[in-house]
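Colleague:
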Amino acid sequence: EASGYRAAASAGLSSPMQVPTDFRDMIRTRSAETGIVRADDLEMAAERNGFVRRVLHYYVPCVVRGRMVAVIGLGRSGDGALLSSEDVEILRMVSGYIAVAIENSLLYQEQQQRAAELELLKEFNESIVESINVGLMAVDLDGRITRLNSALEEIFSLARDEAVGEKAEELFAEDFADTLHQVLGPEGWQLRQTRQIYKLHTATRAGRSLILNIALAPLWADSDEQTGSLVVFEDVTERLQLEEQLQQRERLSSIGLLAAGVAHEVNTPLTGVSSYTQMLLNMLPENDPKHALLQKVHRQADRATEIVNNLLNFSRTGSAAEFNGIDIHRVLDDTLQLLEPQLRRSQIEIIREYTDNLPQVYGNSVKLQQVFTNLILNARDSIANGNGRITLATRNGDD
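Using my numbering, the letters of the sequence shown correspond one by one to residues 14 to 412.
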């Protein structure tokens with residue numbers, strides 16, 4: 014309006030103009046010499062673009078860095094006069110400014126879109142890091158922690174605010190720090206390849222025992238320059254404990270099968286020894302010196318038979334449905350009789366604190382004997398260097 018030319022929108026021109034598909038190419042080609050194109054020079058169908066032809070008489074391309082980013086369309090002045098050479102020069106100059114402004118706007122929009130995509134990617138990566146069930150810790154080349162995830166906080170009972178910025182070795186137990194120094198070597202945290210630590214036994218600052226698998230890998234920037242290292246902690250404590258329990262069960266099962274075979278083989282000669290001893294006792298008078306010796310042999314044969322029967326009972330898998338009233342003290346004594354040689358070798362003293370007149374319990378004696386065997390063996394293994402004491406106590410539920 015300031016230059017005497019009417020804007021297209023104020024003339025009632027609809028924004029979705031119908032122009033040929035090669036409109037941009039026509040504008041670019043026709044404006045190469047003069048920098049401005051008259052509507053009469055364009056091959057636009059009158060029946061489809063008659064209104065455009067009547068209102069817009071001039072087209073000025075907005076070009077920046079050889080790329081046309083927009084086209085300015087103008088009509089004649091109010092009195093129908095054509096553009097002067099001065100008007101054309103002003104339009105050329107203005108179109109350059111408009112082109113730069115449009116390009117800056119497009120670049121800004123592109124930058125905003127890229128920033129939004131990067132923010133979404135960052136949130137996605139953060140979500141993965143926080144939801145993964147292994148501990149992650151990033152350190153710089155000096156070994157200072159730059160970040161860690163929630164799983165690592167839980168494993169080591171660490172507060173993230175306290176850990177970030179600290180030396181990694183100073184946050185963990187001394188044995189872990191020593192192992193870390195050995196694995197890193199003289200190069201320190203300037204790793205060149207992935208390092209592994211398997212089944213490291215350590216503890217948290219709170220004293221909780223841990224068994225960890227650890228992987229250390231270098232972190233690289235886009236410029237192929239190492240910026241630090243990533244440390245992955247996998248807590249395998251519970252898994253190894255379950256594996257150990259499974260192995261213990263398998264060992265007990267193997268012992269049971271072996272015991273069953275041995276018991277069957279031993280039972281027959283023991284029966285013969287006991288029977289022949291009883292026959293000899295019946296043949297000799299009680300005042301005969303040999304009678305007392307034969308009684309000792311008979312008692313030991315009965316004791317051996319009882320041990321064999323206990324082995325047979327232990328080796329039977331039994332059914333979980335075979336529940337009946339049992340004497341818990343008898344089950345404990347049978348278990349101790351089986352384990353007596355092992356406990357004696359480990360110099361373990363057994364203290365019995367049984368409650369008198371304890372009522373029978375409803376259960377499966379075979380399964381209970383297996384449970385008591387596991388408990389007593391675990392107690393034996395937990396006593397360092399033997400020379401310990403295991404107390405077996407029973408109480409009435411009402412006491």
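Quick reminder that beta carbons are idealized off the backbone N, C-alpha and C, glycines included.
Under a three-way DSSP split, which group does residue 198 fall into?
Modeller: Three-state DSSP puts residue 198 in a helix.
Colleague: Count the other C-beta atoms from every protein chain shown that fall within 10 angstroms of the C-beta of residue 284, then say buried if there are 16 or more, exposed otherwise.
Modeller: Exposed, since its Cβ has fewer than 16 Cβ neighbours within 10 Å.
Colleague: Give the C-beta separation of residue 348 and residue 389 to the nearest angstrom, bearing in mind that I take them to be a contact with Cβ-Cβ under 8 Å.
Modeller: Right, their Cβ atoms sit about 7 Å apart.
Colleague: Which value, in whole angstroms, describes the spacing of the CA atoms of residue 213 and residue 226?
Modeller: Each residue's alpha carbon lies about 6 Å from the other.
Colleague: Use the C-beta contact count for residue 248: other C-beta atoms within 10 angstroms, 16 or more gives buried, fewer gives exposed.
Modeller: Classification of residue 248: buried, given that the 10 Å Cβ count is 16 or more.
Colleague: Looking only at its own chain, which residues have a Cβ that is under 8 Å from the Cβ of residue 421, when we skip the five neighbours before and after it?
Modeller: Any answer about residue 421 is impossible in this case: the structure gives the chain only from 14 up to 412.
Colleague: Please classify residue 276 as buried or exposed, where buried requires at least 16 other C-beta atoms within 10 Å of its C-beta.
Modeller: Buried: at least 16 other Cβ atoms inside 10 Å.
Colleague: Using the C-alpha atoms, what's the distance from residue 386 back to residue 246?
Modeller: For residue 246 and residue 386, the distance between alpha carbons rounds to 35 Å.
Colleague: Using the three-state DSSP reduction, which class does residue 179 fall into: helix, strand or coil?
Modeller: In this structure, residue 179 counts as coil in the three-state DSSP scheme.
Colleague: Check for me: the beta strand (DSSP E) holding residue 80 runs from which residue to which?
Modeller: That run of the beta strand (DSSP E) goes 80 to 87.
Colleague: Using only the alpha-carbon positions, how far apart do residue 111 and residue 75 sit?
Modeller: Looking at the two C-alpha atoms, the distance is approximately 7 Å.
Colleague: Spatial neighbours of residue 13 within its chain, please: C-beta separation below 6 Å, excluding the five flanking residues on both sides.
Modeller: Look at the range of the chain in this structure, 14 to 412, and you will see that residue 13 is not part of it.
Colleague: Using the C-alpha atoms, what's the distance from residue 405 back to residue 361?
Modeller: Their backbone Cα atoms lie some 13 Å apart in a straight line.
Colleague: Between residue 99 and residue 40, what straight-line distance do the alpha-carbon atoms span, to the nearest angstrom?
Modeller: Taking the straight line joining both Cα atoms gives about 21 Å.
Colleague: Taking all protein chains shown into account, do 16 or more other C-beta atoms lie within 10 angstroms of the C-beta of residue 194, making it buried, or fewer, making it exposed?
Modeller: When all chains shown are included, residue 194 counts as exposed.
Colleague: Taking the alpha-carbon positions, what's the residue 288 to residue 392 distance?
Modeller: Approximately 39 Å between the Cα atoms of the pair.
Colleague: Under 7 Å Cβ to Cβ from residue 130, same chain only, skipping five residues before and after it: list those, please.
Modeller: There are no such residues.
Colleague: Looking at the secondary structure, which residues open and close the alpha helix (DSSP H) in which residue 276 lies?
Modeller: That run of the alpha helix (DSSP H) goes 250 to 296.
Colleague: Alpha carbon to alpha carbon, what distance is there between residue 301 and residue 282?
Modeller: Computed Cα separation, rounded: 26 Å.
Colleague: Determine the contact status of residue 253 and residue 224, defining contact as a CB-CB distance below 7 Å.
Modeller: It is a contact, given that the beta carbons lie within the stated cut-off.
Colleague: How big is the Cα-Cα spacing for residue 105 and residue 49?
Modeller: Computed Cα separation, rounded: 8 Å.
Colleague: So, is residue 59 buried or exposed, given that buried needs 16 or more other C-beta atoms within 10 angstroms?
Modeller: Residue placement at residue 59 is poorly supported in this model, since its pLDDT is 48, which falls under 50; the coordinates are not used for a value here.
Colleague: Assuming the contact rule is C-beta atoms closer than 8 Å, residue 201 and residue 241 should be a hit. Round their C-beta distance to whole Å, please.
Modeller: No, residue 201 and residue 241 are not in contact; Cβ-Cβ is about 11 Å, not under 8 Å.
Colleague: Within the continuous beta strand (DSSP E) that includes residue 227, where are the two ends?
Modeller: Its beta strand (DSSP E) spans residues 222 to 233.
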